[in-house]
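Heads up, the sequence shown is in the working numbering, so the first residue is 293 and it goes up one at a time.
Scroll down for the structure; my scribbles are underneath it.
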Amino acid sequence: HHYSDDVHGIYWASLGGEGPMRVERLDPLKLCWKVLHAVSIDDPKPLGPRASHSLMSEAARLIVSRARTDSRPANRIVAEIAAMIRLSNEWRTEQIAGYSLDTAWFGRNARGLRAAAPAYFGVPADRLTRAETIALVGMMKFPSREPTRNREQFNEPYAYLAGELGIDPTYIHPERDLARLTPAVITH
Numbered sequence: 293h294h295y296s297d298d299v300h301g302i303y304w305a306s307l308g309g310e311g312p313m314r315v316e317r318l319d320p321l322k323l324c325w326k327v328l329h330a331v332s333i334d335d336p337k338p339l340g341p342r343a344s345h346s347l348m349s350e351a352a353r354l355i356v357s358r359a360r361t362d363s364r365p366a367n368r369i370v371a372e373i374a375a376m377i378r379l380s381n382e383w384r385t386e387q388i389a390g391y392s393l394d395t396a397w398f399g400r401n402a403r404g405l406r407a408a409a410p411a412y413f414g415v416p417a418d419r420l421t422r423a424e425t426i427a428l429v430g431m432m433k434f435p436s437r438e439p440t441r442n443r444e445q446f447n448e449p450y451a452y453l454a455g456e457l458g459i460d461p462t463y464i465h466p467e468r469d470l471a472r473l474t475p476a477v478i479t480h
């Protein structure tokens, strides 16, 4: 699915990115040396900019989780690193972001932004307001924060991400901005 530049920008900001979305092309040998060096000096940023690493890492985690792979932690880590290397070299940055937006779990039985939009706001993804998009992208890391159970926990990532996008905090009003938020449907 193709997402607008604004949706990509919101997702990029949620990962801590600034400026245009970009991903470093990873060379397997250089990556191994970077990690070895980072571990030896206890470097908290061994792979470069946090947003770039987060973007690839999230997509790689989703790919590995959907594949039938060995579930031992060491094997999953190796599989995720291999997926990151391949993604960085074969996919455009927008494709990596789109994959994550399409496959992330949002709660309410919704996988992907297109399924989350009607589940939370009763409209297709292309009819979401910017505030609603910010709220849903902010949920990608915490899909268990069901807004009808704890609205304050839901509002927190929304307000944080809106601030990261440069929206003046005095203009952030979750109850007004997210008025179309629908209650969760409970099924037994």
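Every residue, glycine too, gets a C-beta built ideally from N, C-alpha and C.
Bear in mind the structure is a predicted one, so any value in this text is a computation, not a measurement.
With 16 other Cβ atoms within 10 Å as the buried cut-off, status of residue i
i      : result
His345 : buried
Glu350 : buried
Leu321 : exposed
Ser347 : Here residue 347 is Leu; the residue named in the question, Ser, does not match the sequence. Classification of Leu347: buried, given that the 10 Å Cβ count is 16 or more.
Ile463 : The residue asked about is misnamed: residue 463 is Tyr in this sequence, not Ile. Looking at its Cβ environment, which holds fewer than 16 other Cβ atoms inside 10 Å, Tyr463 is exposed.
Glu444 : exposed
Ser392 : buried
Glu382 : exposed
Ala359 : exposed
Residues of its chain near residue i, where Cβ-Cβ distance is below 7 Å and the 5 sequence neighbours each way are ignored
i      : result
Arg314 : Ser344 and Thr385
Ala305 : Leu453, Glu456 and Leu457
Ala476 : Arg400, Glu438 and Thr440
Val356 : Arg368, Ala371, Glu372 and Ala375
Trp397 : Arg403 and Pro435
Pro466 : Asn447, Tyr450 and Ala451
Arg353 : Glu372
Pro416 : Ala409 and Pro410
Leu323 : Ile377
Span separating the alpha-carbon of residue i from that of residue j
i      : j      : result
Asp319 : Trp325 : 10 Å
Arg431 : His300 : Contrary to the premise, residue 431 reads as Met rather than Arg in this sequence. One C-alpha to the other measures close to 15 Å.
Leu484 : Thr395 : Missing from the structure shown is residue 484; the chain here goes from 293 to 480 and no further.
Pro435 : Ala402 : 10 Å
Glu448 : Glu310 : 21 Å
Asp460 : Leu470 : 17 Å
Arg317 : Ser380 : 5 Å
Ile388 : Asp297 : 14 Å
Arg342 : Leu328 : 18 Å
Asp418 : His294 : 11 Å
Val474 : Pro312 : Reading off the sequence, residue 474 comes out as Thr, not Val. Going by the C-alpha atoms only, they are around 33 Å apart.
Gly390 : Lys433 : 16 Å
DSSP bridge partner residues for residue i (one or two, in chain order)
i      : result
Trp397 : Arg403
Cβ-based neighbour list, residue i, same chain, cut-off 8 Å, excluding 5 preceding and 5 following
i      : result
Glu420 : According to the sequence shown, residue 420 is Leu rather than Glu. Same-chain partners within the cutoff: Ala409, Phe413 and Leu428.
Ile426 : Ile302, Tyr450, Leu453, Ala454 and Leu457
Arg422 : Asp298 and Ile302
Cutoff 6 Å; reference residue i; Cβ partners in own chain excluding five residues on either side
i      : result
Gly308 : Arg342 and Ala343
Ile377 : Leu318 and Pro320
- Message: Is it the case that the stretch 368 to 376 contacts the stretch 404 to 411, given that we only count it when at least three CB pairs across the two stretches are under 8 Å?
- Response: no
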